[in-house]
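In what follows, a single structure is set out as structure tokens and then discussed.
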Amino acid sequence: MTTWTYVCERCTRREPLDAPIWRCPACGGALALDGPNRLTAEMIARDDRTLWRYGAVLPVARERARSLGEGMTPLIAGTLGGKPVWFKHDALLPTGSFKDRGAAVLVAHLRRLGLTRVIVDSSGNAAAAMAGYSAAAGLECTVYAPVATSPGKLVQARAFGATVKLIEGDREAVARAAQEAAAADAGAFYASHNWHPVFVEGVKTWALEVWEQLGERAPSLAFIPTGGGSAFVGAWRGFSAVGALPRLVAAQPTACAPIVAAHERGAPMVVAPGATLAEGTRIGAPARAGQILAALNESGGWAESVSEEQLVAALRELWAQGLYVEPTCAIAAAACCAYLERTDTPPTSPPVVLLTGSGLKATDTIARLL
Numbered sequence: 002m003t004t005w006t007y008v009c010e011r012c013t014r015r016e017p018l019d020a021p022i023w024r025c026p027a028c029g030g031a032l033a034l035d036g037p038n039r040l041t042a043e044m045i046a047r048d049d050r051t052l053w054r055y056g057a058v059l060p061v062a063r064e065r066a067r068s069l070g071e072g073m074t075p076l077i078a079g080t081l082g083g084k085p086v087w088f089k090h091d092a093l094l095p096t097g098s099f100k101d102r103g104a105a106v107l108v109a110h111l112r113r114l115g116l117t118r119v120i121v122d123s124s125g126n127a128a129a130a131m132a133g134y135s136a137a138a139g140l141e142c143t144v145y146a147p148v149a150t151s152p153g154k155l156v157q158a159r160a161f162g163a164t165v166k167l168i169e170g171d172r173e174a175v176a177r178a179a180q181e182a183a184a185a186d187a188g189a190f191y192a193s194h195n196w197h198p199v200f201v202e203g204v205k206t207w208a209l210e211v212w213e214q215l216g217e218r219a220p221s222l223a224f225i226p227t228g229g230g231s232a233f234v235g236a237w238r239g240f241s242a243v244g245a246l247p248r249l250v251a252a253q254p255t256a257c258a259p260i261v262a263a264h265e266r267g268a269p270m271v272v273a274p275g276a277t278l279a280e281g282t283r284i285g286a287p288a289r290a291g292q293i294l295a296a297l298n299e300s301g302g303w304a305e306s307v308s309e310e311q312l313v314a315a316l317r318e319l320w321a322q323g324l325y326v327e328p329t330c331a332i333a334a335a336a337c338c339a340y341l342e343r344t345d346t347p348p349t350s351p352p353v354v355l356l357t358g359s360g361l362k363a364t365d366t367i368a369r370l371l
């Protein structure tokens, strides 16, 4: 079996997969994984309807997991601006968001290492996902979250048995608090979805499913809500695994668009997060910005910012098609709408828009919009 190793994106230092680390111990850079990321149709375990059907390109064996049935969400034909698109409906995963993919694989990895307590920071969806999969695997979970997080998401984490600590300040302040807590507790591990590369390896399965569902081919374009970047880098990893990389579009709110700024300038940027309904993308300094930019450049894609007005309009268009999703989810749909409105050359095939989270996560926010 090919050995998986961590690779620092900054200094290229390598560490074994069994090392209990979440960033480079030498320079503090973000880690990626180097391993067997090449999938053919014959390698798929077709009798398994979960994401573990792609075990040949995952860094954890299926028997280490406590599966909740994650994977094989529907690819739904729909429209945006009157033009055909595909919606990848990851809001239908067990805890209600695409983060279940990463949580399932990361928790299985941590369980394999013999860890029993995890500390995470999240604006909501990752909190629910990590709490749910930790509960299934018998791990204790503590969640650090911004005080402004949608209450429904934190109720879900608490229902799974997680301890929730609310922190004043932006997402970076919440991350610092979680990191300090983990550093002070020798028995706990900082299991950040925004840092840990094993999380990304789980998330990449959404792209593998799309490839399968389209008859083993890639779409021409994929629009992806982008905050910390796990869905975006996951798409890059997933589509690259099958040798079918579409143009990837990182969608961000105008109020917090560090990747848009970075792509224009050609280097990672830090911005001050402004107020936005898309709370899941309100990250002014993404840890894996370098990987996001590499994915943009390799795929020939771009980064697109959308206003709050565009976000709300796209959200209402999704609801009108029976797709009850949260505001963060509509960022990708809004970016797709903007592209379809301005282009004179239609894409060669309908774009895919990733729907990342359920509207049930944001009932209070949606009620105010209505």
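If you read the sequence shown in this note's numbering, its first letter stands for residue 2, the second for the next number, and so on. For each residue, glycine too, the CB sits at the ideal point set by N, CA and C. Fair warning: this is a prediction, and the values are worked out from it, not measured in the lab.
Does DSSP classify proline 254 as helix, strand or coil? Reading the sequence shown from its first residue, position 253 is the one you call residue 254. Three-state result, proline 254: strand.
What residues in its chain sit with their C-beta under 8 Å from that of glutamate 342, if we drop five residues either side in the sequence? Counted from its first residue, the sequence shown places residue 342 at position 341. If we look at glutamate 342 and ignore the five residues flanking it on each side, its Cβ neighbours are Gly82.
Assuming glycine 203 contacts leucine 52 (C-beta within less than 8 Å), just tell me the rounded distance between them. Within the sequence shown, residue 203 is the residue found at index 202, counting from 1. Within the sequence shown, residue 52 is the residue found at index 51, counting from 1. Glycine 203 to leucine 52, Cβ: 7 Å. Contact.
Boundaries (first-last residue) of the beta strand (DSSP E) holding arginine 54: As a first step, residue 54 is located in the sequence shown; it is residue number 53 there, counting from the start. Per DSSP, arginine 54 belongs to no beta strand (DSSP E) and is neither H nor E.
Assigned secondary structure, alanine 363 (DSSP; H/G/I helix, E/B strand, else coil): For the purposes of this step, residue 363 is taken as the residue at position 362 of the sequence shown. If DSSP states are grouped into helix, strand and coil, alanine 363 belongs with the helices.
Hey, which unbroken runs of the alpha helix (DSSP H) at 4 residues or more fall wholly within the region 213-243? Whole alpha helix (DSSP H) segments, 4+ residues: 231-242.
Is DSSP giving serine 350 helix, strand or coil here? Locating residue 350 in the sequence shown gives position 349, where the first residue counts as 1. For serine 350, the three-state secondary structure derived from DSSP is coil.
Could you spell out the range, first to last residue, of the beta strand (DSSP E) harbouring aspartate 122? In the sequence shown, the residue the question calls residue 122 occupies position 121. For aspartate 122, the enclosing beta strand (DSSP E) starts and ends at 118-122.
What are the boundary residues of the beta strand (DSSP E) that tyrosine 145 is part of? Along the sequence shown, one-based indexing puts residue 145 at 144. First-last of the beta strand (DSSP E) with tyrosine 145: 141-147.
Selection from Ala132, Leu76 and Arg113 that minimises the alpha carbon distance to lysine 100: For the purposes of this step, residue 100 is identified with residue 99 of the sequence shown, where counting begins at 1. Comparing Cα-Cα distances from lysine 100 to each of Ala132, Leu76 and Arg113, the minimum goes to Ala132.
My understanding is that threonine 206 touches tyrosine 55, with C-beta atoms under 8 Å, so please give their C-beta distance in whole angstroms. The sequence position of residue 206 within the sequence shown is 205, counting from 1. The sequence position of residue 55 within the sequence shown is 54, counting from 1. Cβ-Cβ separation between threonine 206 and tyrosine 55: approximately 5 Å, consistent with a contact (criterion under 8 Å).
Name the one or two DSSP bridge partners that glycine 79 has. Locating residue 79 in the sequence shown gives position 78, where the first residue counts as 1. Residue pairing by DSSP places glycine 79 opposite Val86 in a beta bridge.
What residues in its chain sit with their C-beta under 7 Å from that of glutamate 217, if we drop five residues either side in the sequence? For the purposes of this step, residue 217 is taken as the residue at position 216 of the sequence shown. Counting only residues of its own chain and dropping the five nearest sequence neighbours on each side, glutamate 217 has a CB closer than 7 Å to the CB of Ala42.
State the start and end residues of the unbroken alpha helix (DSSP H) segment that holds aspartate 101. On the sequence shown, position 100 is the one that residue 101 refers to. Taken as a continuous stretch (DSSP letters only), the alpha helix (DSSP H) holding aspartate 101 covers 100-113.
Name the DSSP bridge partner or partners of tryptophan 303? Here residue 303 refers to the residue found at position 302 when the sequence shown is read from its first residue. According to DSSP, tryptophan 303 bridges with Val250.
Would you please state the rounded distance, in angstroms, between the beta carbons of alanine 372 and alanine 315? I believe it to be under 8 Å. Here the chain has residues from 2 to 371 only, and residue 372 is not among them.
Between which two residues does the alpha helix (DSSP H) harbouring leucine 316 extend? On the sequence shown, position 315 is the one that residue 316 refers to. Note, leucine 316: alpha helix (DSSP H), 309-320.
Find out if the Cβ-Cβ distance for the pair proline 274, arginine 283 is shorter than 7 Å. The count along the sequence shown starts at 1 and reaches residue 274 at position 273. The count along the sequence shown starts at 1 and reaches residue 283 at position 282. Contact flag set, yes.
Whose C-beta lies closer than 6 Å to the C-beta of aspartate 171 among residues of the same chain, with five residues either side of it excluded? As a working note, residue 171 is residue 170 in the sequence shown. Only Pro274 meet the Cβ criterion.
Any idea what DSSP makes of proline 60, helix, strand or coil? Mapped onto the sequence shown, residue 60 falls at position 59. For proline 60, the secondary structure class from DSSP, reduced to helix, strand or coil, is coil.
Tell me, please, whether the region 83-93 touches the region 351-361 by the rule of three or more beta-carbon pairs shorter than 8 Å. With the cut-off at 8 Å, the region 83-93 and the region 351-361 touch.
Beta-carbon contacts of alanine 339 that lie in its chain and below 7 Å, excluding the five residues immediately before and after: The residue given as residue 339 occupies position 338 in the sequence shown. Within the same chain, alanine 339 has close Cβ partners Glu305, Val307 and Gln311.
With 16 as the cutoff for other CB atoms within 10 Å, does proline 17 come out buried or exposed? Locating residue 17 in the sequence shown gives position 16, counting from the first residue. Residue environment: proline 17 is assigned as exposed (fewer than 16 neighbouring CB atoms within 10 Å of its CB, all protein chains considered).
If you pair each beta-carbon of the region 188-200 with each one of the region 94-114, do three or more pairs fall below 8 Å? Flag = yes, the region 188-200 and the region 94-114 touch.
Does DSSP put proline 26 in a helix, in a strand, or in coil? Locating residue 26 in the sequence shown gives position 25, where the first residue counts as 1. Proline 26 falls in the coil class under three-state DSSP.
Valine 250 and alanine 336: beta carbons closer than 7 Å? Taking the sequence shown and counting its residues from 1, one reaches residue 250 at position 249. Taking the sequence shown and counting its residues from 1, one reaches residue 336 at position 335. A distance below 7 Å separates the beta carbons of valine 250 and alanine 336.
Between which residues of its own chain and glycine 285 is the CB-CB distance below 8 Å, once the five residues before and five after are set aside? Walking along the sequence shown from the start, residue 285 turns up at place 284. Excluding positions up to five away in sequence, the list reads Asp171, Arg172, Glu173, Cys257, Pro259, Val271, Val272, Ala273 and Pro274.
Cβ of proline 247 within 7 Å of Cβ of leucine 222? Locating residue 247 in the sequence shown gives position 246, where the first residue counts as 1. Locating residue 222 in the sequence shown gives position 221, where the first residue counts as 1. In this structure, leucine 222 lies closer than 7 Å to proline 247 by Cβ.
Across the region 120-130 and the region 141-150, are there enough close Cβ pairs to call them in contact, namely three or more that are closer than 8 Å? Segments in contact, yes.
If glutamine 322 sits next to glycine 79, beta carbons under 8 Å apart, how far is it from one beta carbon to the other, in whole angstroms? Taking the sequence shown and counting its residues from 1, one reaches residue 322 at position 321. Taking the sequence shown and counting its residues from 1, one reaches residue 79 at position 78. About 5 Å; that satisfies the 8 Å criterion.
Mind reading off the beta-carbon distance from histidine 264 to tryptophan 303? Whole number of angstroms is fine, and I expect it under 8 Å. Along the sequence shown, read from residue 1 onward, the residue named residue 264 stands at position 263. Along the sequence shown, read from residue 1 onward, the residue named residue 303 stands at position 302. About 7 Å separates the beta carbon of histidine 264 from that of tryptophan 303, a gap short enough to meet the 8 Å contact definition.
Just checking my contact of threonine 96 with alanine 130 at CB under 8 Å: how many whole Å lie between their CB atoms? As a working mapping, residue 96 is identified with position 95 in the sequence shown. As a working mapping, residue 130 is identified with position 129 in the sequence shown. Indeed they touch by this definition, with Cβ atoms about 5 Å apart.
Work out the CA separation of proline 328 and alanine 368 for me, nearest whole Å. Counting from one through the sequence shown, the residue named residue 368 turns up at place 367. Counting from one through the sequence shown, the residue named residue 328 turns up at place 327. If I take the Cα positions, the gap works out to 12 Å.
Whole-number beta carbon distance between valine 86 and proline 287, since they are thought to touch under 8 Å: Here the question's residue 287 lines up with position 286 in the sequence shown. Here the question's residue 86 lines up with position 85 in the sequence shown. Not really, about 26 Å apart at Cβ, beyond 8 Å.
Express the C-alpha separation of valine 234 and threonine 74 in angstroms, rounding to a whole number. Within the sequence shown, numbered from 1, the residue matching residue 74 stands at position 73. Within the sequence shown, numbered from 1, the residue matching residue 234 stands at position 233. Straight-line Cα distance between these residues: approximately 19 Å.
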